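Asks: Read in order, the letters of the sequence shown are residues 1 to 109 in this note's numbering. Glycine is no exception: its CB is placed at the ideal position from the N, C-alpha and C atoms. Keep in mind that this is a model prediction, so the values were computed, not measured. Before anything else, here's the structure in question.
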Amino acid sequence: MVDELLDRATAQTYASWFRALADPTRVQIVAYLARHARPMSVGEIVAAVGLAQSTVSQHLKILTEVRFVLVEPVGTARHYRINDACVGCFPSAADVVMGRPAPSPKGAC
1 MVDELLDRAT AQTYASWFRA LADPTRVQIV AYLARHARPM SVGEIVAAVG
51 LAQSTVSQHL KILTEVRFVL VEPVGTARHY RINDACVGCF PSAADVVMGR
101 PAPSPKGAC
């Protein structure tokens, strides 16, 4: 039945989130920022993941587009931090697949 489907707009939002996390480096970056709970420079993130700055910057761009990560200008630099509000409404994949209630993606995300 159609009424049992997740509405299309919510499904599209979730799909964009899942795509953003479809790379292991991006998952590592999100986890690292979440565990440190403070704004970090690209250099700090590069040192943690061990990849080139340009590669990390590309991953951060994708994560900021879906608002998992927020960017803050600090002088001429940019610092990145986890978006607790958005991550808080990220649904558990198991919940969505199993038909359990999932948090709404509306609002802060």
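Taking L21 as the reference, which of I82, R100 and L63 has the closest Cα?
Replies: With distances taken between Cα atoms, L21 lies closest to L63.
Asks: By DSSP, does L70 sit in helix, in strand, or in coil?
Replies: strand
Asks: Can you tell me whether DSSP reads A77 as helix, strand or coil?
Replies: It is a strand residue.
Asks: Does the stretch 64–80 touch the stretch 30–41, meaning 3 or more C-beta pairs lie closer than 8 Å?
Replies: yes
Asks: Starting from R26, follow the alpha helix (DSSP H) in both directions and report where the run begins and ends.
Replies: P24 to H36
Asks: If you draw a straight line from the C-alpha of L51 to the C-alpha of E4, how long is it?
Replies: 43 Å
Asks: State the start and end residues of the unbroken alpha helix (DSSP H) segment that holds G43.
Replies: V42 to V49
Asks: With 16 other CB atoms within 10 Å as the buried threshold, where does M1 fall?
Replies: Annotation note: pLDDT 45 at M1 (below 50); position unreliable, no value reported.
Asks: Exposed or buried, T76, counting other C-beta atoms within 10 Å across all chains shown (16 or more means buried)?
Replies: exposed
Asks: Going by other Cβ atoms of all chains shown within 10 Å of its Cβ, with 16 needed for buried, is V66 buried or exposed?
Replies: buried
Asks: Under 8 Å, do Y32 and A11 count as touching if we go by C-beta distance?
Replies: no
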